[in-house]
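If you read the sequences in order, they're chains A and Z.
First residue of the first sequence: 1, per the working numbering; consecutive thereafter.
First residue of the second sequence: 1, per the working numbering; consecutive thereafter.
Contents: one structure, followed by commentary.
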Amino acid sequence: MSRQETDSSRRQFLGQAAAAGLLIAPGVMLYKVAQARTPEMPASAINRWGMLIDTNKCATGCSDCVSACQTENGWGGKNSNEKHSAITQKAQWIRKVKLTDKLSGYVQSLPLMCQHCESPPCVDVCPTGASMKRADGLVLVDKHICIGCRYCMMACPYKARSFVHETLTGQKPYAPRGKGTVEACTMCVQRVDTGRTPACVEACSGEGHKAMYFGDLKDPASEISKRLKKYGGSEIRSDLDLNTGVRYQGL
Amino acid sequence: MAYSQRLSRKAIAWLVGAILVLPLTASAGVPVPVIPKAKAGTTCVEPANIMRREHMKFILHHREETVRQGIRTKKFSLKECIACHNAPDKSGAVARIGTPEHFCSTCHNYAAVKIDCFECHADKPANTHYRHSLAEGKTPHHPGMKSEDKVLSTKTLEIITAKGEKQ
Numbered sequence: 001m002s003r004q005e006t007d008s009s010r011r012q013f014l015g016q017a018a019a020a021g022l023l024i025a026p027g028v029m030l031y032k033v034a035q036a037r038t039p040e041m042p043a044s045a046i047n048r049w050g051m052l053i054d055t056n057k058c059a060t061g062c063s064d065c066v067s068a069c070q071t072e073n074g075w076g077g078k079n080s081n082e083k084h085s086a087i088t089q090k091a092q093w094i095r096k097v098k099l100t101d102k103l104s105g106y107v108q109s110l111p112l113m114c115q116h117c118e119s120p121p122c123v124d125v126c127p128t129g130a131s132m133k134r135a136d137g138l139v140l141v142d143k144h145i146c147i148g149c150r151y152c153m154m155a156c157p158y159k160a161r162s163f164v165h166e167t168l169t170g171q172k173p174y175a176p177r178g179k180g181t182v183e184a185c186t187m188c189v190q191r192v193d194t195g196r197t198p199a200c201v202e203a204c205s206g207e208g209h210k211a212m213y214f215g216d217l218k219d220p221a222s223e224i225s226k227r228l229k230k231y232g233g234s235e236i237r238s239d240l241d242l243n244t245g246v247r248y249q250g251l
Numbered sequence: 001m002a003y004s005q006r007l008s009r010k011a012i013a014w015l016v017g018a019i020l021v022l023p024l025t026a027s028a029g030v031p032v033p034v035i036p037k038a039k040a041g042t043t044c045v046e047p048a049n050i051m052r053r054e055h056m057k058f059i060l061h062h063r064e065e066t067v068r069q070g071i072r073t074k075k076f077s078l079k080e081c082i083a084c085h086n087a088p089d090k091s092g093a094v095a096r097i098g099t100p101e102h103f104c105s106t107c108h109n110y111a112a113v114k115i116d117c118f119e120c121h122a123d124k125p126a127n128t129h130y131r132h133s134l135a136e137g138k139t140p141h142h143p144g145m146k147s148e149d150k151v152l153s154t155k156t157l158e159i160i161t162a163k164g165e166k167q
């Protein structure tokens, strides 16, 4: 327990030191330059991509984020190849969750997907290294080396990952997925890498709900950071100390 | 020259001929791969002889960089290979993996080397109207380089100038 405390405080210190800027020489500081990443530049720890979901604006019964994700990444829907899988076995990258307060009957609705933890349990348990966290905080599955053991699915407290049980056809060229591998929300990595926002966020704001915000948690000038600073945002299962990249307001 | 000598020489010649011809007749049952042409007016990222020998190393290296680091350059990207080499024909028909018409299957079927790339990856371009030219603009696969009208886009210019400043 004490070891854990030491680790997290050390991490905090390092994080603060990094956020403050890099001291090259006395009096000379190298600050990061806000600049879009070119295709040949690797993802770096300068960014940490995150999402903020305002549950007060998230409408009960609306599933625009889910259908946008399905269209973008080619899972689920009417044309799904998963004909033989039970409903609980089918791929589910993002889902709508309804919370009802038993005492008052107050109903809340929110989208739940991979929370892109800073210390992801799915990465800890992966025996092959397929489950991984990218430098910019996105938690992904390298399906090339995934053996489909599904340990990560057991380890995830958010039930965010799915296993593909059936042979798939007609995948999107930018979102490969196939039988025998585990998959989950990628925060639309193919879009993020080209400076776009995830499909769910785009759909949510496109429909005028504006319940979802995407941005760089490490950039104090980003809208998501400003909102988090002003209004705060809670983590689901914050007791697990995972430091999730997806935050919720109004929970 | 003795008759017997002439006969034996004839026999040898016949035997040699038979040996030469035999493999040809035997191989008539195995169709030699007919490699489909890439999109007209395009040049590959490396010479064909190098690509034939080394393509698996190139795409393996690129996949690591893309998945693990998010480097999405077009050179050696499987998506770009497919866009050029399995472009739809004039009628809009696209070859599917496994059929001899598919660029990858042509050789892989012949060599009996099973590939599982296309169990996850798309075996055809997403947009069947997709037109991609590598030779235009003399900048094959330069990231973000649009070759329309042979004029650099403002975005490209921004990238170039930003790079110059950094150095």
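Note that beta-carbon positions come from the ideal geometry of N, C-alpha and C, so glycine has one too.
With a threshold of 9 Å between beta-carbons, can residue i be considered close to chain A, or not?
{"i": "Gly41 (chain Z)", "result": "no"}
{"i": "Ala126 (chain Z)", "result": "yes"}
{"i": "Glu119 (chain Z)", "result": "yes"}
{"i": "Ile71 (chain Z)", "result": "yes"}
{"i": "Arg52 (chain Z)", "result": "no"}
{"i": "Val67 (chain Z)", "result": "yes"}
{"i": "Ala122 (chain Z)", "result": "yes"}
{"i": "Lys57 (chain Z)", "result": "no"}
{"i": "Ile82 (chain Z)", "result": "yes"}
{"i": "Lys74 (chain Z)", "result": "yes"}
{"i": "Lys79 (chain Z)", "result": "yes"}
Against chain Z, does residue i count as a neighbour if the rule is that its beta carbon must be under 9 Å from one of theirs?
{"i": "Ala45 (chain A)", "result": "no"}
{"i": "Arg134 (chain A)", "result": "yes"}
{"i": "Lys32 (chain A)", "result": "Any reading at Lys32 (chain A) must be qualified, since the residue scores a pLDDT of 49, below 50, and its modelled position is unreliable; no value is offered."}
{"i": "Asp124 (chain A)", "result": "no"}
{"i": "Val189 (chain A)", "result": "yes"}
{"i": "Asp216 (chain A)", "result": "no"}
{"i": "Glu332 (chain A)", "result": "Because residue 332 (chain A) is not part of the residues shown, which for chain A are 1 to 251, the question remains open."}
{"i": "Gln70 (chain A)", "result": "no"}
{"i": "Asp142 (chain A)", "result": "yes"}
{"i": "Gly137 (chain A)", "result": "no"}
{"i": "Thr197 (chain A)", "result": "no"}
{"i": "Arg301 (chain A)", "result": "As shown, chain A starts at 1 and ends at 251. That puts residue 301 (chain A) outside it, with no answer to give."}
{"i": "Thr194 (chain A)", "result": "yes"}
{"i": "Pro176 (chain A)", "result": "yes"}
{"i": "Pro173 (chain A)", "result": "yes"}
{"i": "Leu168 (chain A)", "result": "yes"}
{"i": "Lys90 (chain A)", "result": "no"}
Alpha carbons only, please: which of the options is nearest the one belonging to residue i?
{"i": "Glu166 (chain A)", "options": "Z:Lys124, Z:Ala126, Z:Cys120 and Z:Thr42", "result": "Z:Cys120"}
{"i": "Ala211 (chain A)", "options": "A:Ser63, A:Arg48 and A:Glu40", "result": "A:Ser63"}
{"i": "Val97 (chain A)", "options": "A:Val164, A:Val201, A:Ala59 and A:Ser44", "result": "A:Ala59"}
{"i": "Ile53 (chain A)", "options": "A:Glu202, A:Asp241 and A:Asp239", "result": "A:Glu202"}
{"i": "Gly250 (chain A)", "options": "A:Asn243, A:Thr244, A:Leu242 and A:Ile236", "result": "A:Ile236"}
{"i": "Ala68 (chain A)", "options": "A:Ala199, A:Cys122, A:Ala160 and A:Gly195", "result": "A:Ala199"}
{"i": "Ile46 (chain A)", "options": "A:Asp239, A:Leu217 and A:Lys226", "result": "A:Leu217"}
{"i": "Gly74 (chain A)", "options": "A:Thr55, A:Lys57, A:Val164 and A:Ile145", "result": "A:Val164"}
{"i": "Ser44 (chain A)", "options": "A:Phe214, A:Lys226 and A:Val192", "result": "A:Val192"}
{"i": "His85 (chain Z)", "options": "Z:Val34, Z:Ala38 and Z:Arg52", "result": "Z:Ala38"}
{"i": "Val30 (chain Z)", "options": "Z:Tyr110, Z:Lys114, Z:Ile115 and Z:Cys117", "result": "Z:Tyr110"}
{"i": "Val141 (chain A)", "options": "Z:Ser77, Z:Val34 and Z:Gln69", "result": "Z:Gln69"}
{"i": "Ala93 (chain Z)", "options": "Z:Cys44, Z:Val32, Z:Pro125 and Z:Asn49", "result": "Z:Pro125"}
{"i": "Phe76 (chain Z)", "options": "Z:Ala87, Z:Arg63, Z:Ala122 and Z:Val67", "result": "Z:Arg63"}
{"i": "Ala155 (chain A)", "options": "A:Pro127, A:Gln108 and A:Lys57", "result": "A:Pro127"}
{"i": "Thr66 (chain Z)", "options": "A:Gln92, A:Val107, A:Ser205 and A:His144", "result": "A:His144"}
Which term fits residue i, buried or exposed, when burial requires 16 or more other beta carbons within 10 angstroms of its beta carbon?
{"i": "Val97 (chain Z)", "result": "With the sequence shown as reference, residue 97 (chain Z) is identified as Ile, and Val is not the correct amino acid for it. When all chains shown are included, Ile97 (chain Z) counts as buried."}
{"i": "Glu54 (chain Z)", "result": "exposed"}
{"i": "Gly50 (chain A)", "result": "buried"}
{"i": "Gly245 (chain A)", "result": "buried"}
{"i": "Asn243 (chain A)", "result": "buried"}
{"i": "Ile82 (chain Z)", "result": "buried"}
{"i": "Tyr213 (chain A)", "result": "buried"}
{"i": "Ser104 (chain A)", "result": "exposed"}
{"i": "His102 (chain Z)", "result": "buried"}
{"i": "Val182 (chain A)", "result": "buried"}
Is residue i helix, strand or coil by DSSP?
{"i": "Met41 (chain A)", "result": "coil"}
{"i": "Arg95 (chain A)", "result": "strand"}
{"i": "Tyr248 (chain A)", "result": "strand"}
{"i": "Val141 (chain A)", "result": "strand"}
{"i": "Ile224 (chain A)", "result": "helix"}
{"i": "Lys150 (chain Z)", "result": "For Lys150 (chain Z), the predicted structure reports a pLDDT of 45, less than 50, and the residue's modelled location is therefore unreliable. The matter cannot be settled from this model."}
{"i": "Tyr158 (chain A)", "result": "coil"}
{"i": "Tyr231 (chain A)", "result": "helix"}
{"i": "Gly206 (chain A)", "result": "helix"}
{"i": "Asp216 (chain A)", "result": "strand"}
{"i": "Asp64 (chain A)", "result": "helix"}
{"i": "Lys57 (chain A)", "result": "coil"}
{"i": "Ser131 (chain A)", "result": "strand"}
{"i": "Glu118 (chain A)", "result": "coil"}
{"i": "Ala48 (chain Z)", "result": "helix"}
- Message: So within the region 59-116 of chain Z, which uninterrupted alpha helix (DSSP H) runs reach at least 4 residues, ignoring any that extend past its ends?
- Response: 78-85 and 103-111
- Message: Suppose only complete runs of 3+ residues qualify. What are the beta strand (DSSP E) ranges in the region 66-113 of chain A, listed by chain order?
- Response: 94-100 and 107-113
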